[in-house]
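Below: the structure, in structure tokens.
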Amino acid sequence: MNINPEIKEKIVLALDVNTIDEAKQLVTELKDYTGVFKVGLQFILANGSEVFKFIRDEGGKFFFDIKLHDIPNTVKKASENIIKQGASFFNLHAAGGAEMMKQAAEGANNAAKALGLDPPVILAVTLLTSISEDVLNNELQIPSNTKDYTLTLAKLAKASGMSGVVASAHECAGIKSACGKDFKVLCPGIRPAWSVTGDQKRIAAPAFAISQGADYLVIGRAVTGCKDKIGAMQKIYEEIEGVL
Ligand code: C5P
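Numbering (my numbering), first residue to last: 39 to 282.
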């Protein structure tokens, strides 16, 4: 199949595996179809950062899913070091506040400039999809509904120099209309009709997410859980092609 570069740029493959060998195998097999490989803390703490170098050596980009949330100075220094590790994307919690996000952007953008790299894509997590409205109101004592709260944090993230947010496809259109089409939205929970839902709740099909304006789709088990991973990826490409 001809790989559409516009679609490839949108595909963020989640390397949610246990071993470095499994991660390397996924990178090798799917690099032609993947714009960015997402590596999380669970994997890094078990296997170290060797996979970063492997992805770069294979010509890929990686997203360090680290979800920073600390005082502004610590986040600034951490952001500099994330760029020095070669990450093109990383994330942080918008709940850390405007000053923390501004410092992260300053640290990361200056580090990228000093290394002659493109500015990174920095995404703010608004509200974890594991937090229900009941937890928001009664545990966290935040008297808002999840939709309004998510939008408030997305606007704060935009005003603080973030490239975009992580959100479900169902919130994407609202965020785009409030924050503008250039403010990026990365959508996890992507499930084509033929794949199993697993533990995800707020799922969406790839074509739906794209139709809502999603810039990036996190593809995990929908592909990595299949025996024929390339075949599954190609079906996702075909589905997206139909709505581009
Ligand atoms: O396999 P699956 O498609 O469910 O993988 C989704 C990936 O996106 C996982 O790495 C998960 O941690 C991540 N993620 C998510 N929901 C969020 C943020 C990140 O599913 N709100």
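Just so you know, even glycine gets a beta-carbon here, dropped at the ideal spot from N, CA and C.
The Cβ neighbour count for I41, taken over all protein chains shown within 10 Å, is under 16; the residue is labelled exposed.
At least 8 Å separates the beta-carbon of F246 from that of A270.
T72 has its Cβ no nearer than 7 Å to any heavy atom of the ligand C5P. Exclusion of the five residues before and after Q250 leaves A207, C210, A211 as the residues of its chain whose Cβ lies within less than 6 Å of its Cβ.
The beta carbon of V256 sits closer than 7 Å to at least one heavy atom of the ligand C5P. In this structure, DSSP gives I121 a helical state, which the three-state scheme calls helix. Approximately 7 Å separates the beta-carbon atoms of A61 and F81; this is inside 8 Å, confirming the contact.
Taking 7 Å as the cut-off, one finds no heavy atom of the ligand C5P near enough to the beta carbon of G202.
Assignment of N129 by DSSP, reduced to helix, strand and coil, places it in the strand class. DSSP, read as helix, strand or coil, puts V281 in coil.
In the three-state reduction of the DSSP assignment, A162 falls in the strand class. When distances are taken from the beta-carbon of L166 to the heavy atoms of the ligand C5P, the shortest one is below 7 Å.
Contiguous beta strand (DSSP E) elements confined to the stretch 179 to 234 occur at 202 to 204, 222 to 225, taking only those with 3 or more residues.
Between V55 and G236, the alpha-carbon positions lie close to 16 Å from each other. If you draw a straight line from the Cα of G73 to the Cα of K99, it is about 7 Å long.
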